[in-house]
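Chains as they are written, first to last, in numbering that gives the first Met the number 0: chain S, 0 to 168; chain W, 0 to 737.
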Amino acid sequence: MVAVELNVNGREAHLQLDPRTTLLDTLREHLHLTGTKKGCDHGQCGACTVIVEGRRINSCLTLAVMHQGDKVTTIEGLGTPERLHPMQRAFVTHDGYQCGYCTPGQICSAVAVLEEIEAGIPSHATDDLEKVAFSDAEVRERMSGNICRCAAYPNIIAAIRDVAGEDKA
Amino acid sequence: MKFDSPATSNPIDRGRVVGIPQDRIDGPAKVTGTAPYAYERHDAAPSAVYGWIVGSAIAKGRIKAIDSQAAQAAPGVLGIVTHQNAGPLDKGNMNTAHLLGGPQIEHFEQAVALVIADTLENARDAARLLRIDYAPEKGRFDLAAEMGSAVAPETGFGGPADTRAGDFDAAFARAPVRIDQRYTTPDQSHAMLEPHATTAAWNGDQLTLWTSNQMVSWSAGDLAKTLRIPKENVRLVSPYIGGGFGAKLFLRADALLAALGARTVGRPVKVAIARPQVPNNTTHRPATIQRVRIGANRNGVIDAIAHDVWSGDLPGGGPETAAQQTRLLYRGDHRLTTHRLATLDLPEGNAMRAPGEAVGLLALEVAMDELAEACNVDPVELRIRNDVQHDPEVGPSRPFSSRKFVECLRQGADRFGWSRRHPKPGQVREGRWLVGMGVASAFRNNLVARSGARIGVDGKGHVTVETDMTDIGTGSYTIIAQTAAEMLGVPLAAVTVRLGDSRFPASSGSGGQWGANSSTSGVYAAAWALRGKLAEKAGFAPDQAVFEDGMIRQGNQSKPIGSLAGREGLWAEDQIEFGDLAKRYAQATFGAHFCEVGVDIDTAEVRVRRMGGAFAAGRILNPKSARSQVIGAMTMGVGAALMEELSVDTRFGFFVNHDMAEYLVPVHADIPEQDVLFLDELDDKSSPMKAKGVGELGICGAGAAVANAIYNATGIRLRDYPLTIDKLLERGEGSALA
Ligand code: FES
Ligand code: FES
């Protein structure tokens with residue numbers, strides 16, 4: 000057992016963990032923050048996406064002990080049913096989900112994607128590395144690590160576009 | 000309530016809540032991660048420990064010995080379940096192979112043990128210490144090689160194995176234009192995002208399972224049968240399901256082993272099937288080999304049509320009924336369909352979204368494209384010419400209940416800009432892209448199933464609906480709330496819906512696109528009963544009372560339903576049962592898919608650029624979630640056309656690419672805007688809701704539209720799915736590819 004300290008959604012967590020425990024299982028099984036989902040446990044689907052120190056990561060692909068003192072934001076940290084985060088609200092409005100299982104990961108990813116674009120971080124779909132700007136192609140590329148088998152893809156893009164203030168409608 | 004004559008006007012027709020696009024009522028729970036899925040029931044089973052499934056390392060044979068000493072002695076291990084200590088087990092009615100294998104092994108990755116430990120890490124680790132000695136036997140794993148030994152299967156879900164009308168052979172032989180082609184589709188995996196998972200707890204002889212299952216009543220029954228205990232002793236709870244697509248229609252190993260594990264260790268146990276185990280341990284859509292023959296006159300009018308299908312399954316399994324749509328979709332006096340089933344020792348084949356049509360149309364609709372070219376008729380026009388308004392195997396005595404197929408083709412073509420398609424393939428070039436358009440018909444049977452519900456109103460006029468119906472992403476919560484709100488004249492916000500609990504009245508469950516229409520009809524029936532009780536309390540005539548704004552009204556008298564219900568509330572329960580309207584009328588849903596692709600001139604990479612479709616599926620209960628169902632299914636069609644394939648290792652008998660990195664499904668970057676048009680349609684012979692299924696229609700034909708677009712772009716006709724780059728490049732010579 001090792002002692003692990005995390006800051007999850009603004010709260011300090013002091014844990015005694017088996018060093019093999021992934022960040023994902025720490026959240027789900029030890030902190031009972033089950034909003035973060037396990038779709039594959041192998042970094043293949045994106046359902047476990049959380050934001051660590053401002054960057055989105057697959058929490059199944061990293062051990063909790065590697066995150067001593069880190070700030071972790073999960074879906075529960077973004078909003079609650081009574082006080083939805085704008086991205087959560089947009090997913091409801093645009094029906095950006097069906098079964099809901101990929102959804103927390105999509106939303107955490109989407110929030111971070113908009114910040115990446117804002118920060119000028121380029122992607123494979125960026126034409127001009129000097130000018131990173133919002134476009135549907137940028138978002139589709141950056142969101143492609145988040146699989147939605149229900150395939151709400153166009154609706155998810157519409158939700159992100161809406162939050163980015165790029166809604167054409 | 001018995002539905003045995005066409006619906007007349009009823010309260011649903013008011014359309015104040017039903018038929019209006021509504022946000023999902025379960026949306027806030029889903030987007031905040033507060034909707035509890037099966038593995039997340041810390042609330043219900045806080046002391047649950049962890050089970051890890053061990054799957055068979057051989058496809059066929061026997062377990063000779065199990066050495067569990069090292070595993071048993073590993074840190075944290077609480078118990079191990081194998082066939083040696085599980086006690087006598089039966090098999091569920093819906094299962095082909097046993098969920099716990101041994102000593103006989105029926106397929107690769109069949110569960111052979113559950114290792115239970117205090118933590119997930121300990122359980123997973125100890126599972127690797129289990130030593131199992133196998134005696135493998137030779138198996139049959141190659142469908143093409145087993146075709147010769149395939150036999151006609153028994154009549155099952157898809158009807159009889161063979162159907163005939165007229166004299167196909169003679170008519171085909173004399174037809175001026177003949178198409179005769181062979182198509183293949185591979186094994187496919189549902190790949191729903193939540194792997195099968197269950198938390199199980201015993202209280203004396205009472206068993207509760209929090210699980211992820213589309214068919215609560217079937218599966219509660221099958222678990223009871225497998226464990227040889229009374230069904231009343233089993234409670235199955237499945238309120239949120241992270242996708243199913245058919246993979247969760249049945250009891251699976253997670254549920255049985257969690258129940259056995261919990262009995263072994265005397266406390267709740269939770270089990271998820273690990274993602275890399277899912278494709279081989281659970282069910283999949285079986286591969287098919289299909290032959291389509293069409294004989295037509297020079298104008299493309301069909302006189303003779305035949306569809307022969309081969310698929311394989313374990314002993315006792317069923318066929319992929321891929322000729323189903325060919326029995327009903329097009330005209331032609333001379334007809335033949337056949338299904339042949341080979342015995343294979345691969346994992347269990349079973350239903351995946353639109354079993355039958357999803358792969359049948361991948362063949363038939365490409366054959367129609369080939370016919371259009373052979374007759375020099377536009378592919379949309381060809382399909383219109385072959386429309387038929389009755390069951391073509393029976394004749395005009397069995398008309399369709401409603402069939403707006405031609406309207407779908409016409410309106411869909413208009414919206415998509417079909418007239419801009421170049422009729423000759425390989426002609427349109429934009430930069431490095433060859434551009435092409437394709438069309439395909441959409442067809443899916445409309446099934447209905449008995450469905451029950453109870454509905455109550457409390458003293459404040461708040462309405463609650465309870466049924467064991469499930470929401471697998473389909474939007475059941477919302478359409479059920481809409482139905483209750485419409486029937487009782489209350490706003491949507493005044494309705495609470497509780498689903499997926501075997502303590503509630505048995506419903507149709509979710510499958511075969513029957514769920515929405517059937518389960519809302521069950522709620523309709525229960526609401527009629529409640530309306531009757533409320534009217535009686537008010538002293539009104541039930542058939543004259545109007546329910547609106549939270550009141551029951553007759554003439555100029557009105558009373559709030561809440562005050563009639565009183566403090567203890569008022570409940571009613573009923574179910575919908577369907578008569579023989581589905582026999583008297585052919586019932587199906589229709590549509591037309593359109594697709595534009597770009598194919599890279601050098602690499603042959605295919606990009607879907609646009610998709611559009613027009614669909615007729617009766618009353619669309621919630622256009623918002625129905626559209627999502629359709630685009631989701633269209634996307635699964637893109638997957639089937641371009642990438643989805645479980646690769647069979649024909650030496651050892653398993654699917655090689657058994658995870659989400661190797662089994663490819665469409666991602667964000669693969670899917671452009673998708674346009675969906677629902678035609679106005681009410682089907683009074685389908686149900687009192689006048690709705691039909693829509694959840695599977697969208698996959699039916701979508702992949703063929705992609706295939707036909709690739710042909711139009713390149714002039715390369717591929718008939719073996721998925722249509723991958725290597726297959727295009729192999730045929731590149733002499734094509735429009737560079
Ligand atoms: S669960 Fe982490 S990527 Fe799938
Ligand atoms: S909503 Fe079901 S996988 Fe995305």
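Glycine included, C-beta positions come from ideal geometry on N, C-alpha and C.
Is there at least one Cβ from chain W nearer than 8 Å to residue 106 of chain S's Cβ?
By one-based count along the first sequence, residue 106 of chain S stands at place 107. Cβ-Cβ to chain W under 8 Å: yes for residue 106 of chain S.
What's the gap between the Cα of residue 505 of chain W and the Cα of residue 342 of chain W?
Indexing the second sequence from 1 puts residue 505 of chain W at position 506. Indexing the second sequence from 1 puts residue 342 of chain W at position 343. Between residue 505 of chain W and residue 342 of chain W, the C-alpha separation is close to 34 Å.
Beta-carbon of residue 66 of chain S versus every beta-carbon of chain W: anything under 8 Å?
Here the question's residue 66 of chain S lines up with position 67 in the first sequence. Taking Cβ atoms only, chain W never reaches closer than 8 Å to residue 66 of chain S, which makes this a no.
Where does residue 11 of chain S sit, in a helix, a strand or coil, going by DSSP?
Working through the first sequence from its first residue, we reach residue 11 of chain S at position 12. Three-state result, residue 11 of chain S: strand.
From the DSSP output, which residues share a beta bridge with residue 569 of chain W?
Here residue 569 of chain W is taken as the residue at index 570 of the second sequence, counted from 1. In DSSP, residue 569 of chain W forms a bridge with W/456.
Got a sec, what are the start and stop residues for the alpha helix (DSSP H) residue 167 of chain W sits in?
Taking the second sequence and counting its residues from 1, the one referred to as residue 167 of chain W is at position 168. Note, residue 167 of chain W: alpha helix (DSSP H), 167–173.
Does the pairing of the stretch 123–141 of chain S with the stretch 9–28 of chain W give three or more beta-carbon distances under 8 Å?
No, because fewer than three Cβ pairs between the stretch 123–141 of chain S and the stretch 9–28 of chain W fall closer than 8 Å, the two stretches do not touch.
Is the beta carbon of residue 169 of chain S sitting closer than 8 Å to the one on residue 109 of chain S?
Only positions 0 to 168 of chain S appear in the structure, and residue 169 of chain S is not among them; the question remains open.
Under 7 Å between beta-carbons, which chain W residues line up against residue 90 of chain S? List them in chain order, please.
Sequence index remark: in the first sequence, residue 90 of chain S carries index 91 (1-based). Neighbours of residue 90 of chain S on chain W, chain order: 30.
Would DSSP call residue 168 of chain S helix, strand or coil?
Locating residue 168 of chain S in the first sequence gives position 169, where the first residue counts as 1. Low confidence applies here, because residue 168 of chain S scores a pLDDT of 43, under 50, leaving its location unreliable; read the following figure in that light. Looking at residue 168 of chain S - three-state DSSP - the assignment turns out to be coil, as it is neither helix nor strand.
What does residue 477 of chain W touch in chain S if you count any residue whose Cβ is under 7 Å from its own?
Here the question's residue 477 of chain W lines up with position 478 in the second sequence. None at all; the shortest Cβ gap to chain S is about 10 Å.
Closer than 7 Å by C-beta to residue 281 of chain W: which residues in its own chain qualify, once you throw out the five before and the five after it? Chain order, please.
Taking the second sequence and counting its residues from 1, the one referred to as residue 281 of chain W is at position 282. Contacts found: 195, 246, 251 and 272.
Residues of chain S with CB under 7 Å from residue 80 of chain W, in chain order?
Working through the second sequence from its first residue, we reach residue 80 of chain W at position 81. By Cβ distance, chain S contributes nothing, its closest Cβ being about 21 Å from residue 80 of chain W, past 7 Å.
Can you pull the chain W neighbours of residue 140 of chain S, defined as C-beta to C-beta under 7 Å?
For the purposes of this step, residue 140 of chain S is identified with residue 141 of the first sequence, where counting begins at 1. What residue 140 of chain S touches in chain W: 668.
Closer than 8 Å by beta-carbon distance: list the chain W residues that pair up with residue 154 of chain S, in chain order.
As a working mapping, residue 154 of chain S is identified with position 155 in the first sequence. The answer, in chain order, is 627 and 630.
Would you list the residues whose beta-carbon is nearer than 6 Å to any heavy atom of ligand 4, in the order they occur in the chain?
This structure lacks ligand 4; the ligands present are ligand 1 and ligand 2.
Which residues in chain W sit within 7 Å of residue 78 of chain S, going by Cβ to Cβ distance?
As a first step, residue 78 of chain S is located in the first sequence; it is residue number 79 there, counting from the start. Neighbours of residue 78 of chain S on chain W, chain order: 31.
Along the chain, where does the beta strand (DSSP E) that runs through residue 49 of chain W open and close?
To locate residue 49 of chain W, count along the second sequence from 1; it is residue 50. 48–54 is the extent of the beta strand (DSSP E) around residue 49 of chain W.
Shorter than 8 Å from the beta carbon of residue 646 of chain W to some beta carbon of chain S?
Here residue 646 of chain W is taken as the residue at index 647 of the second sequence, counted from 1. By this cut-off, residue 646 of chain W is not an interface position.
Please tell me whether residue 263 of chain W and residue 115 of chain W are closer than 8 Å, where the distance is taken between their beta carbons.
To locate residue 263 of chain W, count along the second sequence from 1; it is residue 264. To locate residue 115 of chain W, count along the second sequence from 1; it is residue 116. Yes.
Give me the residue from W/152, W/595, W/711 and W/654 with the minimum Cα distance to residue 314 of chain W.
Walking along the second sequence from the start, residue 314 of chain W turns up at place 315. Considering only alpha carbons, the answer is W/152.
Buried or exposed for residue 429 of chain W, please, with buried defined as at least 16 other CB atoms from any protein chain shown within 10 angstroms of its CB.
For the purposes of this step, residue 429 of chain W is identified with residue 430 of the second sequence, where counting begins at 1. Exposed.
What runs of the beta strand (DSSP E), each 3 residues or longer, lie entirely inside the stretch 246–275 of chain W?
268–271
How about residue 103 of chain W: is its C-beta nearer than 8 Å to some C-beta of chain S?
Reading the second sequence from its first residue, position 104 is the one you call residue 103 of chain W. Not closer than 8 Å to any Cβ of chain S, the Cβ of residue 103 of chain W fails to qualify, so no.
Which residues in chain W sit within 7 Å of residue 20 of chain S, going by Cβ to Cβ distance?
Taking the first residue of the first sequence as position 1, residue 20 of chain S is located at position 21. By Cβ distance, chain W contributes 120.
Mapping the DSSP letters down to three states, classify residue 116 of chain W as helix, strand or coil.
Locating residue 116 of chain W in the second sequence gives position 117, counting from the first residue. Residue state, collapsed to three classes: strand.
According to DSSP, which residues form a beta bridge with residue 589 of chain W?
Locating residue 589 of chain W in the second sequence gives position 590, counting from the first residue. Beta-bridge pairing links residue 589 of chain W to W/442 and W/615.
If distances are taken between C-alpha atoms only, which option among W/725, W/432 and W/718 comes closest to residue 369 of chain W?
Counting from one through the second sequence, the residue named residue 369 of chain W turns up at place 370. Cα-wise, what sits closest to residue 369 of chain W is W/718.
CA-CA distance, residue 270 of chain W and residue 162 of chain S?
As a position in the second sequence, residue 270 of chain W is number 271, starting the count at 1. As a position in the first sequence, residue 162 of chain S is number 163, starting the count at 1. When the Cα atoms are used, residue 270 of chain W and residue 162 of chain S turn out to be separated by approximately 38 Å.
Can you list the residues near ligand 2, meaning Cβ strictly closer than 6 Å to any non-hydrogen atom, in the order they appear in the chain?
Those satisfying the condition are, in chain order, S/96, S/97, S/98, S/99, S/100, S/101, S/102, S/147, S/148, S/149, S/151, W/192, W/242 and W/472.
Distance check for residue 257 of chain W and residue 222 of chain W, CA to CA, integer angstroms please.
To locate residue 222 of chain W, count along the second sequence from 1; it is residue 223. To locate residue 257 of chain W, count along the second sequence from 1; it is residue 258. Going from the Cα of residue 222 of chain W to the Cα of residue 257 of chain W covers about 11 Å.
Can you find the residues in the same chain that come closer than 6 Å, C-beta to C-beta, to residue 468 of chain W, ignoring five residues on each side of it along the sequence?
For the purposes of this step, residue 468 of chain W is identified with residue 469 of the second sequence, where counting begins at 1. Contacts found: 475, 498, 506 and 518.
Does the Cβ of residue 54 of chain S have 16 or more other Cβ atoms within 10 Å, making it buried, or fewer, making it exposed?
By one-based count along the first sequence, residue 54 of chain S stands at place 55. Looking at its Cβ environment, which holds fewer than 16 other Cβ atoms inside 10 Å, residue 54 of chain S is exposed.
Use the C-beta contact count for residue 573 of chain W: other C-beta atoms within 10 angstroms, 16 or more gives buried, fewer gives exposed.
As a first step, residue 573 of chain W is located in the second sequence; it is residue number 574 there, counting from the start. That one is buried.
Which chain S residues sit within Cβ distance under 7 Å of residue 635 of chain W?
Reading the second sequence from its first residue, position 636 is the one you call residue 635 of chain W. Against residue 635 of chain W, the close residues of chain S are 150, in the order they occur along the chain (beta-carbon pairs closer than 7 Å).
Can you round the beta-carbon distance between residue 118 of chain W and residue 17 of chain S to whole angstroms, since I take them to be within the 8 Å contact cut?
By 1-based counting over the second sequence, the position of residue 118 of chain W is 119. By 1-based counting over the first sequence, the position of residue 17 of chain S is 18. Sure, about 6 Å apart at Cβ, within 8 Å.
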